[in-house]
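As you go down the protein sequences, you meet chains A and B in turn.
So the first sequence is numbered by full-length UniProt numbering: it starts at 1 and just counts up by one.
So the second sequence is numbered by full-length UniProt numbering: it starts at 1 and just counts up by one.
No residue lacks a Cβ here, since even glycine has one placed at the ideal position from N, Cα and C.
Working notes, structure below.
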Amino acid sequence: MIRPRLVAAVAGREVRTLLRNRALLAVAAAFAAVVIGLGGASMGSPGGYVSLTYDLLLPVELLVPVLAFAIAFQSIRGDDERGTLSILRTYSVSRLEYVLGVFVGRALPAFVLVVAVLGAAGVVAGLGAPATSSFLATHSAGDTPLIYGRFVLFAGWYVLATVAFVLAASALARTDREALAAGVGVVVIVAFVADLALVALLTTGFVGDLIGVLVGLAPASAFRGLVLELAIRPAIAADPGVATGHPLVSALGLAGWTVAALATAAVAVWRPVER
Amino acid sequence: MSEPVLEFADASFAFGDVTILDDASVALEDGTFVALVGPNGSGKTTALELFAGLRSLDTGTVTRPATTGRTVAYLPQSPRFRPGFTVREVVAFYGSLVETEVDADAILSRVGLGGATDRRVDELSGGMTRLLGLAQALIGDPPVVVLDEPTSGLDPDIADHIFEAAASMAADGRLVLTTSHDLEAVSRYADRVLLIANGEFVLDGSPAALVEQAGAERLRDVFSATVAGSGRDAVDIDARTEGDSA
Numbered sequence: 001m002i003r004p005r006l007v008a009a010v011a012g013r014e015v016r017t018l019l020r021n022r023a024l025l026a027v028a029a030a031f032a033a034v035v036i037g038l039g040g041a042s043m044g045s046p047g048g049y050v051s052l053t054y055d056l057l058l059p060v061e062l063l064v065p066v067l068a069f070a071i072a073f074q075s076i077r078g079d080d081e082r083g084t085l086s087i088l089r090t091y092s093v094s095r096l097e098y099v100l101g102v103f104v105g106r107a108l109p110a111f112v113l114v115v116a117v118l119g120a121a122g123v124v125a126g127l128g129a130p131a132t133s134s135f136l137a138t139h140s141a142g143d144t145p146l147i148y149g150r151f152v153l154f155a156g157w158y159v160l161a162t163v164a165f166v167l168a169a170s171a172l173a174r175t176d177r178e179a180l181a182a183g184v185g186v187v188v189i190v191a192f193v194a195d196l197a198l199v200a201l202l203t204t205g206f207v208g209d210l211i212g213v214l215v216g217l218a219p220a221s222a223f224r225g226l227v228l229e230l231a232i233r234p235a236i237a238a239d240p241g242v243a244t245g246h247p248l249v250s251a252l253g254l255a256g257w258t259v260a261a262l263a264t265a266a267v268a269v270w271r272p273v274e275r
Numbered sequence: 001m002s003e004p005v006l007e008f009a010d011a012s013f014a015f016g017d018v019t020i021l022d023d024a025s026v027a028l029e030d031g032t033f034v035a036l037v038g039p040n041g042s043g044k045t046t047a048l049e050l051f052a053g054l055r056s057l058d059t060g061t062v063t064r065p066a067t068t069g070r071t072v073a074y075l076p077q078s079p080r081f082r083p084g085f086t087v088r089e090v091v092a093f094y095g096s097l098v099e100t101e102v103d104a105d106a107i108l109s110r111v112g113l114g115g116a117t118d119r120r121v122d123e124l125s126g127g128m129t130r131l132l133g134l135a136q137a138l139i140g141d142p143p144v145v146v147l148d149e150p151t152s153g154l155d156p157d158i159a160d161h162i163f164e165a166a167a168s169m170a171a172d173g174r175l176v177l178t179t180s181h182d183l184e185a186v187s188r189y190a191d192r193v194l195l196i197a198n199g200e201f202v203l204d205g206s207p208a209a210l211v212e213q214a215g216a217e218r219l220r221d222v223f224s225a226t227v228a229g230s231g232r233d234a235v236d237i238d239a240r241t242e243g244d245s246a
């Protein structure tokens, strides 16, 4: 049974740790500057929110794993290295309660940051836009903020999944060097390797119509698939006819990776001892 | 005599070929301050982790208090608390993990940190960090407190203060089990000494009784005579070091 009081206590400590870490605040500021800067570059663009979503999709896909790495890679490993994990274990906090607390305390601020920064980018991009956007003459549903709102929420979900990945790496590592290597490895795998593997599969010719499903199995492409299918496709008049991802599989993939990563972290954080 | 609150029965544990406990048994009672001593590499820290429930025995049984709540407190050697937090915040955080109300200021005063409650942990000296660790060990009022080398690297006055604080915790009815290489302090403060070597508790008794039985003058002499040739095969402690006169 999970005791919410203990999860909240651990989470509260993680949130305070993030807010008091100047280096992390600098990383958050840099992320905000880049994303809002890109939003500013689209200020008044006739392409509207669809164009802005396209503009931000790739940067967010790459920057979010880096942000997750900065926020979470030292969390569990740091407690172990300082000796405080041994102390915590004498307080009858279960492995799952501890990992969930760390996840909530690290991922929730990351979620808020990503959503707020992307929201700010949307506001900045909307400044100076014509009253009735003409767009690219391809939008049927109109360029409503709803389209962009979906993208923002999917980006928030993506950061939850990537933080879970980094937490698993932090729990599996036994030294600081391992934690660093594992954290970087997670970023590279999430952002690049999984996509490359999909491309490699495509070139074999065996994938065929399954590409929409397979895309949902890798975190970054699942995020991209959700954005393209649920945020952008409804706003485009002419259906491109090619599926960029199966929405249900992508949603289940992103959620599945999150749960699997947290379960891995909970199992790896320490070995249970019979009381 | 009071009932044992912490007990190994036929306990064995090894890291591969390195034996830490070999069918060892011992029972420790509440209200006592027990010092676990032994040569480097004899497995003192691992034994503490086994007592504290941080590791599992390979074979045998370990018995801990059957109370609810926090049963065993543990303080690792040279702990470092998460930077950026004040001393009071650290105690408040750990206090939020137990069912009972915790008076952070009272606990900190108890160990002598009443004047440092608002100081950040990254600004504490090594001795003050250990004292914060002791304060943390009092949270939840556990019947057993396990300390790993709480005075290593500290000046004698702070070391004495920590030993006094630990002895005071035992006087309140707890079992306090500590490892230490400071045999002079152990002689003064501990009620009972366990000497671990080659996987066994080879000496067990009060400091005075051990000294008397061995016909020695100091616990240090008893230690040296007992561990001679055990676990130190690769170390020639009589070798002349650089700077020694011929």
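Looking at the secondary structure, which residues open and close the beta strand (DSSP E) in which residue i lies?
i               : result
D22 of chain B  : 18-29
Y74 of chain B  : 72-75
T204 of chain A : Careful: T204 of chain A lies outside any beta strand (DSSP E), inside the alpha helix (DSSP H) at 194-204.
F69 of chain A  : Unbroken run through F69 of chain A is the alpha helix (DSSP H), 48-72; no beta strand (DSSP E).
V62 of chain B  : 59-63
G205 of chain B : 200-205
I196 of chain B : 192-197
A35 of chain B  : 33-37
V145 of chain B : 144-147
Would you please verify whether the beta carbon of residue i is less than 7 Å from any beta carbon of chain B?
i               : result
V273 of chain A : yes
G101 of chain A : no
G83 of chain A  : yes
T90 of chain A  : yes
R106 of chain A : no
A9 of chain A   : yes
S86 of chain A  : yes
R22 of chain A  : no
R13 of chain A  : yes
From which residue to which residue does the alpha helix (DSSP H) around residue i run?
i               : result
G78 of chain A  : 75-82
R150 of chain A : 145-172
R13 of chain A  : 4-19
I162 of chain B : 156-171
G119 of chain A : 95-126
R110 of chain B : 104-110
Buried or exposed, going by whether 16 or more other CB atoms sit within 10 Å of the CB of residue i?
i               : result
L131 of chain B : buried
F135 of chain A : Because the pLDDT at F135 of chain A is just 43, under 50, the model does not fix this residue reliably, and the value given afterwards should be weighed accordingly. Its Cβ being crowded by 16 or more others within 10 Å, F135 of chain A is buried.
P109 of chain A : buried
F15 of chain B  : exposed
I2 of chain A   : exposed
Quick one: is residue i near chain A, going by C-beta distance under 7 Å?
i              : result
A47 of chain B : no
S12 of chain B : no
L97 of chain B : yes
Y74 of chain B : yes
P79 of chain B : yes
L28 of chain B : no
G43 of chain B : no
F93 of chain B : yes
L54 of chain B : yes
N84 of chain B : Reading off the sequence, residue 84 of chain B comes out as Gly, not Asn. Yes - at least one Cβ of chain A is within 7 Å of the one on G84 of chain B.
Which class does residue i belong to by DSSP, given the choice of helix, strand or coil?
i               : result
A14 of chain B  : strand
A28 of chain A  : helix
F81 of chain B  : coil
T178 of chain B : strand
E7 of chain B   : strand
R271 of chain A : coil
T86 of chain B  : strand
R55 of chain B  : coil
R120 of chain B : strand
A222 of chain A : helix
At 8 Å on the CB atoms, spell out the chain E contacts of residue i, in chain order.
i              : result
A26 of chain A : Absent here is chain E; the protein component of the structure consists of chains A and B.
Handout entry: Three-pair Cβ contact test at 8 Å for the region 69-77 of chain B versus the region 137-157 of chain B
Key = yes
Exercise for the section: Evaluate the contact criterion for the region 64-71 of chain A versus the region 160-173 of chain A: three or more CB pairs, one atom per stretch, below 8 Å. Expected result: yes
Practice task
Spell out a yes or no on whether the region 257-269 of chain A and the region 192-205 of chain A are touching, meaning 3 or more CB-CB pairs, one atom from each, closer than 8 Å.
Solution key: no
Practice task
Would you be able to state if there are at least three C-beta pairs under 8 Å between the region 110-128 of chain A and the region 173-192 of chain A?
Solution key: no
Exercise for the section: Mind the definition here: the region 114-126 of chain B touches the region 76-88 of chain B only if three or more C-beta pairs lie below 8 Å; say whether that holds. Expected result: yes
Exercise for the section: Mind the definition here: the region 188-198 of chain B touches the region 31-39 of chain B only if three or more C-beta pairs lie below 8 Å; say whether that holds. Expected result: yes
Exercise for the section: Count the C-beta pairs between the region 44-57 of chain B and the region 176-184 of chain B that are closer than 8 Å, then say yes if the count reaches three, no if not. Expected result: yes
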